[in-house]
Amino acid sequence: FIGFGFLMTFLKTANWSALCFTWVISIWALQWGILSNGLWHQVIPGGKDLHKIEVTIKTLILGDFGAAAAMISFGALLGKCNLQQLFFLVFWEMFFWGLNESLGAGSFKATDMGGSMFVHAFGAYYGLAASYFFQPNRSAQSKNAQSNYQSNTIALIGSIFLWMYWPAFNGALATGVTQQRVVINSVLSIAGSCMGAAAVARVLFGKLEMEIMLNATLAGGVAIGTSSDLVVSAWVAMLVGFLGGAFSAVCFQKLGPFLAQKINLQDTCGVNSLHGLPGIMGVLVSTVVIATSSGSGFPDDYFPVVADGGSLGGQVAAQIEALLVTLGISIAAG
Numbered sequence: 124f125i126g127f128g129f130l131m132t133f134l135k136t137a138n139w140s141a142l143c144f145t146w147v148i149s150i151w152a153l154q155w156g157i158l159s160n161g162l163w164h165q166v167i168p169g170g171k172d173l174h175k176i177e178v179t180i181k182t183l184i185l186g187d188f189g190a191a192a193a194m195i196s197f198g199a200l201l202g203k204c205n206l207q208q209l210f211f212l213v214f215w216e217m218f219f220w221g222l223n224e225s226l227g228a229g230s231f232k233a234t235d236m237g238g239s240m241f242v243h244a245f246g247a248y249y250g251l252a253a254s255y256f257f258q259p260n261r262s263a264q265s266k267n268a269q270s271n272y273q274s275n276t277i278a279l280i281g282s283i284f285l286w287m288y289w290p291a292f293n294g295a296l297a298t299g300v301t302q303q304r305v306v307i308n309s310v311l312s313i314a315g316s317c318m319g320a321a322a323v324a325r326v327l328f329g330k331l332e333m334e335i336m337l338n339a340t341l342a343g344g345v346a347i348g349t350s351s352d353l354v355v356s357a358w359v360a361m362l363v364g365f366l367g368g369a370f371s372a373v374c375f376q377k378l379g380p381f382l383a384q385k386i387n388l389q390d391t392c393g394v395n396s397l398h399g400l401p402g403i404m405g406v407l408v409s410t411v412v413i414a415t416s417s418g419s420g421f422p423d424d425y426f427p428v429v430a431d432g433g434s435l436g437g438q439v440a441a442q443i444e445a446l447l448v449t450l451g452i453s454i455a456a457g
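Structure follows, in structure tokens:
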């Protein structure tokens, strides 16, 4: 909550609303996320074993994942919505987020340890779809979507908090040696993205441009998320992070302004460049890792599709199918 809240203070006219709205809406999303996820995980299999939703450490973590998706969506709409509108938006987002996660992880048996697909991609495209249809002309003409030296400096606190705690987020649901692998891969990847973003900033601007350093430096945590428990070589994690950071930096400077000009897509915090596209990249990386792993080094039941009698090729297909469903549900619902 601290990371997202302070990162959004870069908008000089929305400092108070960024912090307060993040706090209140995150708590709202956490509660509804637990209920929605618990409900759909009972309904999707057929609803034959309906029971009270148990509140455990795992359900709290899943609720926190839902809150993260909501904060990503808020980033696309920052400065455009009041608190009542955000309550409505996030309530329905948690409803569809729980549905999507239950379909992807339960029905399709996709694996997504760090949430590149079910958290980052879903939250980004739900928010972007909502932003596209909510007062696009008014926001395009507004002069409030600006930052200054002070607001960027405060926002850097949020970036540093997110950078430090991202490995813990990715590995929250992992256990044992798997959790160690997730944390190590996440640290290496997010370190790589910091270098990739800085390199692009120097090439494009000749300095460490603030928008890139605030955001693209975090892209490695998104890009490695889905495969953070699958990558077994340090250089792969660092490469994924470097490419994710560089790709995100280019998108912030080129793609975001292009979409705003051509289709009037207002993306206040650049969630497409930080969460959406790196999230898709993370799923694609996981398909490559799964396809080239031959299952070696993992227990026989580690991949859900394989444990159910399928093949590694079937697991790759499940990743792609779940991604397409995630994009479809998030955009349509938003």
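Position one of the sequence shown corresponds to residue 124 (our numbering), numbered consecutively onward. Ideal Cβ positions, reconstructed from N, Cα and C, are used throughout, including at glycine.
If you compare the alpha carbons of Ile148, His243, Gln165 with that of phenylalanine 214, the shortest gap goes to Ile148.
One Cα belongs to glutamine 165, the other to glycine 227, and the distance between them is close to 14 Å. Distances from the alpha-carbon of glycine 198 to those of Thr410, Val394, Leu447, Ser434 put Val394 closest.
Burial check for isoleucine 157: the Cβ neighbour count within 10 Å reaches 16 or more, so the residue is buried.
Pairing glutamate 224 with alanine 193 gives a Cβ-Cβ distance that is not under 8 Å. A straight-line Cα-Cα distance of about 46 Å links glutamine 269 and serine 416. DSSP places glutamine 258 in the coil class of the three-state scheme, outside both helix and strand. Burial of lysine 203 is indicated by the presence of at least 16 other C-beta atoms within 10 angstroms of its C-beta. Each residue's CA atom was taken as its position, placing proline 290 and glycine 420 some 22 Å apart. Just measuring C-alpha positions, the residue of Trp163, Trp155, Gln207, Phe210 sitting nearest aspartate 187 is Trp155. Exposure of valine 326 is indicated by the presence of fewer than 16 other C-beta atoms within 10 angstroms of its C-beta. Judged by DSSP secondary structure, phenylalanine 219 falls within the alpha helix (DSSP H) whose first and last residues are 206 to 224. Within the segment 275 to 341, the runs of alpha helix (DSSP H) at least 4 residues long that lie entirely inside it are, in chain order, 299 to 328, 333 to 338.
A Cβ-Cβ separation of about 7 Å places serine 350 in contact with glycine 405 under the 8 Å criterion. Within the model, the alpha-carbon separation for threonine 234 versus asparagine 293 is close to 13 Å.
Histidine 174 carries a coil assignment under DSSP once its states are collapsed to helix, strand and coil. An exposed status is given to tryptophan 358, since fewer than 16 other beta-carbon atoms sit within 10 Å of its beta-carbon. One thing to note: threonine 182 has its Cβ within 8 Å of the Cβ of glycine 161. Around the beta carbon of proline 401, 16 or more other beta carbons sit within 10 angstroms, so the residue counts as buried. Leucine 222 is a Cβ neighbour of tryptophan 163, given a cutoff of 8 Å. The residues Lys203, in chain order, have a CB closer than 8 Å to that of glutamine 258 in the same chain once the five nearest residues on each side in sequence are set aside.
For methionine 361, the enclosing alpha helix (DSSP H) has its first and last residue at 357 to 373. In chain order, Ile125, Gly126 place their CB closer than 6 Å to the CB of phenylalanine 284, counting only its own chain and leaving out the 5 sequence neighbours on each side.
Counting the other CB atoms within 10 Å of its CB gives serine 434 a total below 16, which places it among the exposed residues. Assignment of valine 428 by DSSP, reduced to helix, strand and coil, places it in the helix class. Looking at the backbone, the Cα of asparagine 205 and that of glutamate 334 are separated by about 25 Å. In summary, glutamate 177 is exposed, with fewer than 16 beta-carbon neighbours lying within 10 Å of its beta-carbon over all protein chains present. Contact between glutamine 442 and phenylalanine 426 does not hold, since the beta-carbon distance rounds to 10 Å and is not under 8 Å. Here leucine 337 really is in contact with phenylalanine 133; their C-beta atoms are around 6 Å apart, less than 8 Å.
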